[in-house]
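A.B. asks:
Number of protein chains: 2
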Amino acid sequence: MESLLAELRAAVGAGAVLTDADVTAGYRRDMMPLAPHGQPLAVVLPSSTAQVRAVVRACAAAGTPIVPRGAGSGLSGAANAVEGCVVLVTTKMDAILEIDPDNRLAVVEPGVVNLDLRAAVEKHGLFYPPDPSSYDWCTIGGNLATNAGGLCCVKYGVTTDSVLGLEVVLADGELLRTGRRTVKGVAGYDLTKLFVGSEGTLGVITRATLALRPLPQAPSTLVATFGSTAAAGAAVSRVVAEGVVPSLMEIMDRTSIRAVEQHLRTDLNAGAALLLCQSDSGGEAARRELAAIEQACVGAGAELVYATDDLAEGRDLLTARRAVLTALEVYGAWLTDDVCVPRTRIADLITGCERIAAEVGLRVAVVGHAGDGNMHPTIVYDPSSQDEFARAERAFDEILGLGLALGGTVTGEHGVGKVKREWLAKEIGPVGLRVHRDVKRALDPENLFNPGSMFSP
Amino acid sequence: MESLLAELRAAVGAGAVLTDADVTAGYRRDMMPLAPHGQPLAVVLPSSTAQVRAVVRACAAAGTPIVPRGAGSGLSGAANAVEGCVVLVTTKMDAILEIDPDNRLAVVEPGVVNLDLRAAVEKHGLFYPPDPSSYDWCTIGGNLATNAGGLCCVKYGVTTDSVLGLEVVLADGELLRTGRRTVKGVAGYDLTKLFVGSEGTLGVITRATLALRPLPQAPSTLVATFGSTAAAGAAVSRVVAEGVVPSLMEIMDRTSIRAVEQHLRTDLNAGAALLLCQSDSGGEAARRELAAIEQACVGAGAELVYATDDLAEGRDLLTARRAVLTALEVYGAWLTDDVCVPRTRIADLITGCERIAAEVGLRVAVVGHAGDGNMHPTIVYDPSSQDEFARAERAFDEILGLGLALGGTVTGEHGVGKVKREWLAKEIGPVGLRVHRDVKRALDPENLFNPGSMFSP
C-alpha cells in the first residue's frame, strides 16, 4: 500500500493525500446514520482532471477501490468509505469555467457549491433550478452523482433535466466526453443521463455543461391549512387536476406543525396539515395560478387560505417549512426517509406514517414536496438508546414498504447508496438488477468505483 | 430459415408474418433516401408483449437479427432492414392502456400514433408535448426509439423529457421494467433514458408510461421579417438573452421563403429571413412575452413585425412554415439534414449553407427550430440524375461538418441510424465509441438488435 500512497502523492501532491485517521474520519460517511462505512486507506483531493486520471490509474493498478465524494451532504451513504478504499474528494475542483448567457449554459468543475453557481448565474439574469436543501454547502458533483432534486422540481425538474454534457474519468483512466453544448441532440446513447444519478459507481465526473433558465419572477406565496390529512391530499390532487404548475408546493403534517409551533413559539392555526405554494410566473399569471390553487384548497375543505405577493411575507411563511428539521431536534436525533408516491396517494402516505409511528412508538413527522409526491417522513429517536435506534430503523424500512405499496419508489431524490440496496432490488426486480450489473460490468469491469454501493456486484 | 418462419408463425399467427417480397418491400426502409437497406427475411407484426418476447427468442435462437420498426417515418435509416433480418413492426400494438389525469400520466403501447395520443389526452385537458412533423402518422414507439423532438422542444423538451418508465424486451426475451409512475425517482441507473434514443439497438420497447402536462393556453403568434440573415440570427440571440421562452420559434431562410412564395402565390415581404414565434402562456403573460420578442426583433433590425392573438390568423401565419417541404417539391426531391448548433450560431449555419449550396450547385433551403438551434437544411435535387444525387450527398455531409465546426451536433432530433454512423464516430471520438460498444455488448451480447445501426460493432 505504501507504493500506492507514494503514487497518489506524486499525482496530487503530498498535501492533498490525507492518511491520518483523525483527519480521514471526517470523510468516512455522509449524513445518513444508517448506512455502513469503512476506514479509507487515504483521502485524496485532486485539483484537476489530469490528477483525477492519475489517481484512478494508480488505484486501478493497485486494485484499490475508489469512492468519489463531494461535500458529503448525501443522505444515502453513497459517498461512505468502503474498507481500505481511496476516497476521491472533488471539492478542490471548484471553478466555474464559463457562463454563456447567450446560449444559457454554464461549464463547471464538480466541486462548485450549488449556491455559488446559483449566485454566479443570477448576476446574468439566469437560474440553475436544482435546489436540494443542502444547497448552501452541497456540490454540483454530488448533485450530478445523486441526480439531486429539491423544492424546484415540481416546475423545473431534477438535476438530470439541467445537464447538457459531462466529462467523466473512466475506470481505466480514459476521459469520456458525453453530450454537447446545444440544447437538443440525439447523437448516440444518452450517456449523460446514465452517469447522472449513478452515484459514483461508473466513473468520476470532472466537468459538467449545465443548461440554465431565465431567472423567474419574484414568487407570490400561498398558505393553506386543513383540518384533516385527507383534505390536504385532496387539495393537492385538485391543484394537479386543475393543471396549475406552482413553482413550489410543500406539505407539512400534524407532527411537523406541532414541532414547528413549539420551536417558533407561534400558532400556525393548522389542525392536521399545511400546504405552502408559490408561483414565480409574475403579475397576472401568478395571480391566476394562486387563485386557482386557492379555489382548489377551498374546494377540498381548507380551513384558512392566505396569499401574498409580498416577498418578505412570503419568505416568513416559508420559515415554518424550513424550520421543521431544526424543530424536531428538540425531541432527539432525526432520520429522514425519502419516498415518492403518485400525487393522489400523498394523504395515504401520511396516514400510513401515523400508523407506523404509533406501531414503533416514535415520532414521525412528514414533510415533503407535495407537488411531485416526494415525501420525507422524518423519524425522531433518542440516539443514546439502542432500542430507539432499532425502532427508527424499523420505521425507516416500513415507510419504504408503504411507499412501494402505494405505487411509489423507494427514493425520490436522495438515492440508494449503501442504505437502500435491498430496497432497490425489491423495486426493480431480478431483471432490472441484472441489467444494472451488466451496465456496471461494461463500464467498470474490475468494480473499481464505489463497489457494493447501490447494488451488490 | 423455414424453421424460424414456422416459429414466427406460431408466435404471432401466420397472418402477421409477411414474407412476400412485394409486401415486405414496403418495410425495407424509412424516409431517408441516403441510408443503406437490405432485404428482410420476414416482417412480423406482433400484437402483444408476449408475442414480441416469442419473436425475440426465436430470432435469438436462430441467430437472425431483428430490426424494430414503428411507422417508418424516420429520417436516419434506423428502421431500415439489414439483409436477412426480421423486421419487427409494432404498429399493431396500438392501445392507449390508461390515462390517469389525477397523476398526469398515460400508459401506452408502442404502436399508438402520436396524434391519437395527443387527441386522447386533450379530452382530459392534458398535453403530450413531443410533436415531430410526422405526428399524424409516426408512432410513440418510434418517437421513443429516436428521442423525437418537434416544434414544441424550445419550451417543453424532447421525448425523453416526457417518459417516466418503459417495458422493454431484452435480447434474451426477458422483460425489463424501467422507471416508475411517479414524477420523481432516482432508484438505480436511469435505464429509461438509456433506452430512449437507442434506435432499436438495445431492445424492443413494448410499453411506455408517459408524463403529461396541463394543456397550454391557445397560442398567440408573431411573425418578423429580416433583410439579412445576420439580423434574424441576432434576433434569436436577443430573445434568448432576454429570457423569453416562446412555445414555438421557427426560422425560414431566403430559399425557403422564395419557394413558399411561389408555391402559395403570395408575397411574404421577407427579404432574407422570417421568424415565427408563439406564446402559449395566455393573457397578459403571452402579451408580455410577445412584446419582449417584438422588441428583440426590432432591436435586431427586423423590417416588419406583426403579432396576433387570433387563433385562425396565427394558424395562417404558420402555413408558410408548414408549406416549405411541399413547396420545395416543385424543384425536385428533397433531402432533409438535421444539425443542432448553439443558438448564437444560427446565422453562421445559414450563411454556411448558402456557401455549400453554391459550391455543389444545388438549392439548399434552411428551415429550423430557431429557439433551440436545431436546423434542417434541406437539399433539393433531381432524383433521376446520379450526378445531382451525388452532389446532394456531398452537401449533406458538408452541412454536418459545418454543424460540428460551429460547436454543434450532427443530429438534433432525427438520429444517427444507418446514415450518420461515421459522423457519430467523429462527434463522440474513440472513447465515446468504445463506451457505446461496451453498453451495446452488455445489453445485446450477440448483436441481435439492429446490428450495425448507429455504430459499427
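Protein chains in written order, with this note's numbering: chain X, -14 to 442; chain H, -14 to 442.
Glycine is no exception: its CB is placed at the ideal position from the N, C-alpha and C atoms.
#1: Roughly how many angstroms lie between the CA atoms of valine 404(X) and methionine 360(X), to the nearest whole one?
#2: If contacts are defined as beta-carbon pairs under 8 Å, then arginine 328(X) and valine 221(X) qualify, I think. What distance do you get, rounded to the angstrom?
#3: Around the C-beta of tyrosine 291(X), are 16 or more other C-beta atoms found within 10 angstroms, so that it is buried, or is it exposed?
#4: Report the option in Ala172(X), Phe112(X), Gly57(X) and Tyr120(X) whose CA atom is closest to the CA atom of serine 147(X).
#5: State the Cα-Cα distance for the pair serine 32(X) and leucine 302(X), rounded to the nearest angstrom.
#6: Quick one: does valine 29(X) have its CB under 8 Å from some CB of chain H?
#7: Is there a C-beta anywhere in chain X that falls below 8 Å from the one on lysine 403(H)?
#8: Let me know the secondary structure DSSP gives glutamate 373(X) once reduced to three states.
#9: Is there a C-beta anywhere in chain X that falls below 8 Å from the one on arginine 307(H)?
#10: Measure how close the beta-carbons of glycine 164(H) and glycine 110(X) come, nearest whole angstrom, since I'm counting them as under 8 Å.
#11: Three-state secondary structure (DSSP) at histidine 421(X)?
#12: Cβ of arginine 328(X) less than 8 Å from any chain H Cβ?
#13: Starting from alanine 6(X), trace the alpha helix (DSSP H) in both directions and tell me its first and last residue.
#14: Which of the residues in the segment 282 to 295 of chain H, read from start to end, lie with their CB under 7 Å from any CB of chain X?
#15: So the beta strand (DSSP E) leucine 73(H) belongs to, where does it begin and stop?
#16: Counting pairs of beta carbons, one from the segment 198 to 209 of chain X and one from the segment 414 to 429 of chain X, are three or more of them closer than 8 Å?
#17: With a cut-off of 8 Å, does the C-beta of methionine 439(H) fall near any C-beta of chain X?
#18: If contacts are defined as beta-carbon pairs under 8 Å, then glycine 402(H) and serine -12(H) qualify, I think. What distance do you get, rounded to the angstrom?
#19: DSSP three-state call for aspartate 79(X): helix, strand or coil?
#20: Can the beta-carbon of arginine 330(X) be found closer than 8 Å to that of glycine 284(X)?
#21: Contact between the segment 238 to 246 of chain H and the segment 306 to 317 of chain H is defined here as three or more beta-carbon pairs at a separation below 8 Å; is this criterion met?
#22: Contact between the segment 18 to 33 of chain X and the segment 77 to 85 of chain X: three or more CB pairs below 8 Å?
#23: At what residue ranges does the segment 194 to 262 of chain X contain a whole run of the beta strand (DSSP E), taking only runs of 3 or more?
#24: How would you call arginine 340(X), buried or exposed, if buried means at least 16 neighbouring beta carbons within 10 angstroms?
#25: If you follow the beta strand (DSSP E) that asparagine 432(H) is part of, which residue opens it and which one closes it?
#26: Which residues in chain H sit within 9 Å of glutamate 398(X), going by Cβ to Cβ distance?
#27: Let me know the secondary structure DSSP gives threonine 49(X) once reduced to three states.
#28: Report the three-state DSSP secondary structure of serine 266(H) (helix, strand or coil).
#29: Evaluate alanine 6(H) with the Cβ neighbour count: other Cβ atoms within 10 Å of its Cβ, from every protein chain shown; 16 or more gives buried, anything less gives exposed.
#30: If you reduce the DSSP assignment to three classes, tell me which class leucine 176(H) lands in.
#31: Just to check my reading of the structure: leucine -7(X) and valine 40(X) have Cβ atoms closer than 8 Å, yes? What is that Cβ distance to the nearest angstrom?
#32: Which residues does DSSP list as the beta-bridge partners of isoleucine 190(X)?
#33: Alpha carbon to alpha carbon, what distance is there between arginine 348(H) and leucine 342(H)?
#34: Is proline 114(X) closer than 8 Å to isoleucine 190(X) when the C-beta atoms are compared?
#35: Could one say the Cβ of histidine 361(H) lies closer than 8 Å to chain X's Cβ atoms, at least one of them?
C.D. replies: Reading off the structure:
#1: 17 Å
#2: About 6 Å; that satisfies the 8 Å criterion.
#3: exposed
#4: Phe112(X)
#5: Taking the CA atoms as reference points, serine 32(X) sits about 42 Å from leucine 302(X).
#6: no
#7: no
#8: helix
#9: For arginine 307(H), the nearest beta carbon of chain X is not closer than 8 Å to its own beta carbon.
#10: Their Cβ separation, rounded to whole angstroms, is 34 Å, which puts glycine 164(H) and glycine 110(X) out of contact at 8 Å.
#11: helix
#12: Under the 8 Å criterion on CB atoms, arginine 328(X) is classed as interfacial with respect to chain H.
#13: That run of the alpha helix (DSSP H) goes 6 to 9.
#14: none
#15: Looking at the DSSP string, the run of the beta strand (DSSP E) that includes leucine 73(H) is 71 to 74.
#16: no
#17: Yes - at least one Cβ of chain X is within 8 Å of the one on methionine 439(H).
#18: About 31 Å; that fails the 8 Å criterion.
#19: Here DSSP, grouped into helix, strand and coil, assigns aspartate 79(X) to coil.
#20: Glycine 284(X) sits away from arginine 330(X), with the two beta carbons spaced by 8 Å or more.
#21: yes
#22: Contact between the segment 18 to 33 of chain X and the segment 77 to 85 of chain X is present, because at least three Cβ pairs lie under 8 Å.
#23: If we require 3 residues or more, the beta strand (DSSP E) runs fully inside the segment 194 to 262 of chain X come out as 205 to 211 and 233 to 238.
#24: By the neighbour-count rule (16 or more Cβ atoms within 10 Å), arginine 340(X) is not buried but exposed.
#25: Segment: none, asparagine 432(H) is in no beta strand (DSSP E) and carries neither H nor E.
#26: Lys169, Gly170 and Val171
#27: coil
#28: coil
#29: So alanine 6(H) counts as exposed.
#30: helix
#31: Under the criterion of beta carbons closer than 8 Å, leucine -7(X) and valine 40(X) qualify as touching, at roughly 6 Å.
#32: Val153(X)
#33: The sequence shown places alanine at residue 342(H), rather than the leucine named in the question. Cα-Cα distance, rounded: 6 Å.
#34: no
#35: no
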